[in-house]
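Each remark here refers to the structure printed beneath this line.
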Amino acid sequence: MTNHPPPSAPFLRIAQVQVRRAPLVALVALALTLAFLPVVRSLELFSDWTELLPRSAPSVRDLGAGQRRVGGLSTLTLMLESRDNAALRRYATAMAARLEALPPSLRVRRVQWNVGDYQRFVRDHRHLYAPLADLTRARDELRRRIEYERASANPVYINLDDPPEPADALVARAREQMRRVESEAEQFPGGFFLHRDGRHLAMFLRVDLPSGDPARGTALVERVREEIRALPPAGFAPDLTVSLAGDLLVGIIEHHAIEHELVVATLLTVALCVLAILGLFRRPRSVVLLGGTLLVPVLATFALAKLTVGHLNTSTAFLGSIVIGNGINSGIIWLARYFEERRAGREVTEAVAATHQGAWAGTLAASTAASLAYGSLVVTDFRGFRDFGIIGGTGMVICWAMTMAFLPALTALWERWRPLPPGVERPNPYGVLFARAVKRYPVPLAAGAGVLAVAGIALSAVAIGRDPLDYNFRNLTSVRAETDRASELNGIAGEIVGRAGSGSAIAVLVDRREDTAALRARLDEMRERHDAPFGAVRTIDDLLPSDQPAKIEVLADLRRLMLEAREHASPETQRDLDAYLPPATLRPLVDDDIPSSVASLYTERDGTRGRLLFVEEKPGASIWDGQYLVAWADSIRAARTPDGRRPVVVGSAPVYADIIGAIWRDGPRAVLASILATVALVLLSFGRWHLRALTLLALVTGVAWMGGAMTLLHIRLNFLNFVALPITFGIGVDYAVNVMRRYQQEVDSGSAGDPIEAAVQETGGAVLVCSLTTIFGYSSLHTSANRALNSFGLAAVLGEVACVLAALVALSATLVLVERRRTRARAVSSLAASPEERSMRGCSPIRRSPG
1 MTNHPPPSAP
11 FLRIAQVQVR
21 RAPLVALVAL
31 ALTLAFLPVV
41 RSLELFSDWT
51 ELLPRSAPSV
61 RDLGAGQRRV
71 GGLSTLTLML
81 ESRDNAALRR
91 YATAMAARLE
101 ALPPSLRVRR
111 VQWNVGDYQR
121 FVRDHRHLYA
131 PLADLTRARD
141 ELRRRIEYER
151 ASANPVYINL
161 DDPPEPADAL
171 VARAREQMRR
181 VESEAEQFPG
191 GFFLHRDGRH
201 LAMFLRVDLP
211 SGDPARGTAL
221 VERVREEIRA
231 LPPAGFAPDL
241 TVSLAGDLLV
251 GIIEHHAIEH
261 ELVVATLLTV
271 ALCVLAILGL
281 FRRPRSVVLL
291 GGTLLVPVLA
301 TFALAKLTVG
311 HLNTSTAFLG
321 SIVIGNGINS
331 GIIWLARYFE
341 ERRAGREVTE
351 AVAATHQGAW
361 AGTLAASTAA
371 SLAYGSLVVT
381 DFRGFRDFGI
391 IGGTGMVICW
401 AMTMAFLPAL
411 TALWERWRPL
421 PPGVERPNPY
431 GVLFARAVKR
441 YPVPLAAGAG
451 VLAVAGIALS
461 AVAIGRDPLD
471 YNFRNLTSVR
481 AETDRASELN
491 GIAGEIVGRA
501 GSGSAIAVLV
511 DRREDTAALR
521 ARLDEMRERH
531 DAPFGAVRTI
541 DDLLPSDQPA
551 KIEVLADLRR
561 LMLEAREHAS
571 PETQRDLDAY
581 LPPATLRPLV
591 DDDIPSSVAS
601 LYTERDGTRG
611 RLLFVEEKPG
621 ASIWDGQYLV
631 AWADSIRAAR
641 TPDGRRPVVV
651 GSAPVYADII
661 GAIWRDGPRA
671 VLASILATVA
681 LVLLSFGRWH
691 LRALTLLALV
701 TGVAWMGGAM
711 TLLHIRLNFL
721 NFVALPITFG
731 IGVDYAVNVM
741 RRYQQEVDSG
751 SAGDPIEAAV
761 QETGGAVLVC
771 SLTTIFGYSS
781 LHTSANRALN
791 SFGLAAVLGE
801 VACVLAALVA
811 LSATLVLVER
821 RRTRARAVSS
831 LAASPEERSM
841 RGCSPIRRSP
851 G
């Protein structure tokens, strides 16, 4: 039977205050709850990918610079669908008028829906848009024809060569060349962004809102939907529909989905924790006491998060359920020990004091280990890690401190209302099975644990050697019908206007207009001569005629020759010559001449044109391939302007590339910090080396099992599930520390019972429930459609299961073997001693030596 020594005076005084002042303590808890609640309600979620990176990251700095210089970096797309092509055009025209009248507060910088003015612009300047080679050939052939006609008028002229083409043929070729120039400008019929299938028409709203600004983005989306309802598509064609897409919409959908899912995850975690607690204690009061106590520190944790990190991001959004699942652990351990003391017959004050004395050190060590595990992430610059570490690390400490402050008082207050009958035996149901198993089968359990640990280490080594990172960015996205549909429409939009027009290309900004052509030439050289990993480079120069000075000179010659040929041409040929006669005066076209419908893509906020380049992905490359995204972004970042400066590089690819780089750079640093902190804590928690060694061995075993399981399940590391590694070290050692602390207390107290059985059956059962609540917190992440969160939840659950089994099975079985060996050694020593020595030692096979 477990010995229950009287509590020491300091713990008794603390208990007396908490029991006597229980109503006041409860009022303080209530006041804190009411004070923290409005702060937590103001905590916002920013789901943009850039919120995971430090402000100093190149992609974040460049994005800020780009947003200051260029407007409309986000896109909201309207995709019209119908078999009636004419109806599509009529509806687009009517809707454009509504969209262009939207108020400035919605931050719509421009509406792109028709480029007919650019097509007219090309027709008006068709001579300059004709290829220089075609113009030169036409001039030379016309000159030869005129010279031939002149010579043929001489009666003594004899032509020994084939005669040049007749003027009619030359005019016909010129007509065809001009038509080809005009048709190239008319890739969009009527100026509308029509797909080649004739059934899809796109309209684009270029917006000054990042995808991570959900409030104003949602307001814009709702207003656009109101405009669609006010202009019913069915009124133009029965099958006409209007759908929304674009990166702005995808970000908004993702944001609202995460908000909904984190509420569901939190509620699910609470519900599952209630069931686990009822199963352990089989008393409804335990749910109320633990829940009421935990509410205060959880709110305090996120109120502090508001003051420290300022907001939640994709990485920290679901920390509510995780903090609940982890933070409740110290309360479970404390309450289990309290009920045990009450079963032993202690009255309330003495039971509280004895529980403090027996549980404070183990729960503090365990909570500190968890806090250090989270805190190890703070040594990184990657905010996806750092913010997670700040919130989780402070949360564990706050939960422990407030549990020790409020749970005893609330428990005593409940005892005043409904006293718990002393001595009522309700043994812990969770620990009995494990206690019996390790006592009966210690050798196979310990040996099996060792073999699996070695196998896990080997499998983990293989995974690390093969690069454990997940470069498939599809595995970081969400599986939702809305986002899948938006992505499908985004693909159609890209087919209509190209990557630059749809917003998926990388934008490059230079400081001087003259640097544009030089940088483009450099990028083209990198692609053509060095097989750089990117595709076409687009600039405003693509909208202007090339070789204009040479063309103007050739066109002046051609005009003179055509006027000369006109004098000798037939009336029909004269009409054709007049139709295609170059203007008398021509000047080179410049940036400001280009219609804004197409030039706006290359126009900055201050009206400056031409300092933007758009670099598309390499044909055949996948924008979901993380390794390609890194290569694509790095290759563009390597380019320099003629004066040696690095241009501003803006786009999704640079952000993803920086995230991958941050994982490689900061991930190992966090893991090392977690390992060192955990080892240091274990060394400080126990005064005997064999207890330290066994505790750390349990942790190594659990982590090895986790690594092996992740390898067998093909779970690769990403920016989110990487967090599971460092936090598993601290949270995983939590269970071994609590079991080992109880074992040490039983040995040191000289209990007449079996210390291993007491540690596993009593504390081990509570530890199992602690693990279950943590597992529930991680498992709730599977309520999200986001695959990155799912992978984090699965990796963390594997770590939890592995570490709790390592504590309850591997560690306990090893302790049984160590105890048996000690018992045999003491028995042999006793038999070898004289009867007097045996009498003095009081040889007892039950009493354990503390060392």
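Position 842 of the sequence shown, counted from 1, bears residue number 842 in our numbering, the numbering being contiguous throughout.
Beta carbons: idealized from backbone N, C-alpha and C, even for Gly.
Note that this is a predicted model, so its numbers are computed, not measured.
Next item on the list: Check whether the region 276 to 290 touches the region 515 to 531, counting contact only when three or more Cβ pairs, one atom from each stretch, lie closer than 8 angstroms.
Entry: Output reads no: the region 515 to 531 does not touch the region 276 to 290.
Item checked: Backbone secondary structure at Arg538 - three-state DSSP -> DSSP, read as helix, strand or coil, puts Arg538 in strand.
Check: Are the CB atoms of Val60 and Leu612 nearer to each other than 8 angstroms?
Finding: By the CB criterion at 8 angstroms, Val60 and Leu612 fall outside the cutoff.
Margin query: Which of the three DSSP states is assigned to Ser844 in this structure?
Written below: Its pLDDT being 42, under 50, Ser844 is placed unreliably in this model, and the coordinates cannot settle the point.
Notebook entry, point to check: Under a three-way DSSP split, which group does Ser854 fall into?
Noted result: Any question about residue 854 goes unanswered here, given that the chain covers just 1 to 851.
Item checked: Buried or exposed (CB count within 10 angstroms, at least 16 for buried), Val443 -> Counting the other Cβ atoms within 10 Å of the Cβ of Val443 gives fewer than 16, which makes it exposed.
Note to self: With DSSP as the reference, identify every bridge partner of Ile506, one or two as the case may be.
What the structure shows: Answer is Val615, bridged to Ile506.
Note to self: Can you check which of these residues, Glu819, Phe36, Trp705 and Asp754, is closest to Ala796 by C-alpha distance?
What the structure shows: Ranking the options by Cα distance to Ala796, first place goes to Trp705.
Next item on the list: Give the single residue among Arg669, Tyr628, Phe406 and Val352 whose Cα lies nearest to the Cα of Tyr338.
Entry: Per the C-alpha coordinates, the member of Arg669, Tyr628, Phe406 and Val352 positioned closest to Tyr338 is Val352.
Note to self: Tell me the DSSP secondary structure of Val649 in three-state form.
What the structure shows: If DSSP states are grouped into helix, strand and coil, Val649 belongs with the strands.
Check: Cα separation between Glu44 and Leu312?
Finding: Each residue's alpha carbon lies about 6 angstroms from the other.
Notebook entry, point to check: So is Gly626 buried or exposed if we call it buried at 16+ other beta carbons inside 10 Å?
Noted result: Looking at its Cβ environment, which holds 16 or more other Cβ atoms inside 10 Å, Gly626 is buried.
Next item on the list: Take the Cβ of Ser74 as the centre, count every other Cβ of all protein chains shown within 10 Å, and call the residue buried at 16 or more, exposed below.
Entry: Buried: at least 16 other Cβ atoms inside 10 Å.
Item checked: Nearest-angstrom beta carbon gap, Tyr118 and Val545 [assumed within contact, 8 angstroms] -> According to the sequence as given, residue 545 is Pro; it is not Val. Going by Cβ atoms, the distance from Pro545 to Tyr118 rounds to 13 angstroms, so no, they are not a contact pair.
Next item on the list: Compare the beta carbon distance of Leu699 and Phe729 with 8 angstroms and say whether it is the shorter of the two.
Entry: Leu699 is a Cβ neighbour of Phe729, given a cutoff of 8 angstroms.
Check: Which residue comes first and which comes last in the beta strand (DSSP E) that contains Glu81?
Finding: Unbroken beta strand (DSSP E) run through Glu81: Ser74 to Glu81.
Notebook entry, point to check: Taking just the CA atoms, how far does Phe388 sit from Ala29?
Noted result: For Ala29 and Phe388, the distance between alpha carbons rounds to 26 angstroms.
Note to self: Looking at Asp591: is its Cβ nearer than 8 angstroms to the Cβ of Gly610?
What the structure shows: Yes, these two residues count as a Cβ contact at 8 angstroms.
Notebook entry, point to check: How about the region 72 to 90 and the region 192 to 205: do they share at least three Cβ pairs that are nearer than 8 angstroms?
Noted result: Contact between the region 72 to 90 and the region 192 to 205 is present: three or more C-beta pairs spanning the two stretches fall below 8 angstroms.
Note to self: Within 10 Å of its beta-carbon, does Pro297 have 16 or more other beta-carbons around it, so buried, or fewer, so exposed?
What the structure shows: Using a 10 angstroms sphere on the CB of Pro297, the tally of other CB atoms reaches 16 or more, which defines it as buried.
Margin query: Here's the rule: buried if 16 or more other CB atoms are within 10 angstroms of the residue's CB, otherwise exposed. What is Met1?
Written below: Residue confidence for Met1 is low, a pLDDT of 45 falling below 50, so the modelled location carries little weight; the figure read from the coordinates is stated next. That one is exposed.
Check: Which of helix, strand or coil does DSSP assign to Arg109?
Finding: For Arg109, the secondary structure class from DSSP, reduced to helix, strand or coil, is strand.
Checklist line | Paired residues, beta bridge with His568 - DSSP | finding: Secondary-structure assignment with DSSP links His568 through no beta bridge to anything.
Notebook entry, point to check: Which same chain residues, not among the five before or five after Glu495, have their C-beta less than 8 angstroms away from its C-beta?
Noted result: Beyond the five residues adjoining it in sequence on each side, Glu495 comes within less than 8 angstroms, by CB distance, of His195 and Arg196 in the same chain, given in chain order.
Next item on the list: Please name the residue in Leu319, Val242, Leu335 and Pro755 whose C-alpha comes closest to that of Ala87.
Entry: Nearest of Leu319, Val242, Leu335 and Pro755 to Ala87, Cα basis: Val242.
Check: In terms of alpha-carbon separation, which member of Ser315, Asp576 and Pro654 lies closest to Gly66?
Finding: With distances taken between Cα atoms, Gly66 lies closest to Pro654.
Notebook entry, point to check: Run through DSSP, which three-state label would Asp625 get?
Noted result: For Asp625, the secondary structure class from DSSP, reduced to helix, strand or coil, is strand.
Item checked: Own chain, CB closer than 6 angstroms to Gly320, minus 5 neighbours either side, in chain order -> Taken in chain order, the residues that qualify are Thr266.
Check: Can the beta-carbon of Pro595 be found less than 8 angstroms from the beta-carbon of Phe302?
Finding: Result no, Cβ atoms of Pro595 and Phe302 do not sit closer than 8 angstroms.
Next item on the list: Compute the distance between the beta-carbons of Gly72 and Arg109, then report whether it is under 8 angstroms.
Entry: For Gly72 and Arg109, yes; Cβs fall inside 8 angstroms.
Item checked: Classification of Ile715 by the beta-carbon crowding that lies within 10 angstroms, buried from 16 upward -> With 16 or more other Cβ atoms within 10 Å, it is buried.
Next item on the list: Give the secondary structure of His125 by DSSP, where H, G and I count as helix, E and B as strand, and everything else as coil.
Entry: Three-state result, His125: coil.
Checklist line | Start and end residues, beta strand (DSSP E) containing Val378 | finding: Premise fails: Val378 is in no beta strand (DSSP E) and is neither H nor E.
Note to self: Pairs of beta-carbons, one from the region 379 to 393 and one from the region 668 to 679, closer than 8 angstroms: are there three or more?
What the structure shows: Touching, per the Cβ criterion.
Item checked: alpha helix (DSSP H) segments (min. 4 residues) lying fully within the region 38 to 102 -> For the region 38 to 102, whole alpha helix (DSSP H) runs of length 4 or above, ordered along the chain, are 58 to 69 and 85 to 100.
Margin query: As a quick exercise: from Pro408, Arg199 and Arg216, pick the residue whose alpha carbon is nearest that of Val288.
Written below: Each of Pro408, Arg199 and Arg216 was checked against the Cα of Val288, and the nearest Cα belongs to Pro408.
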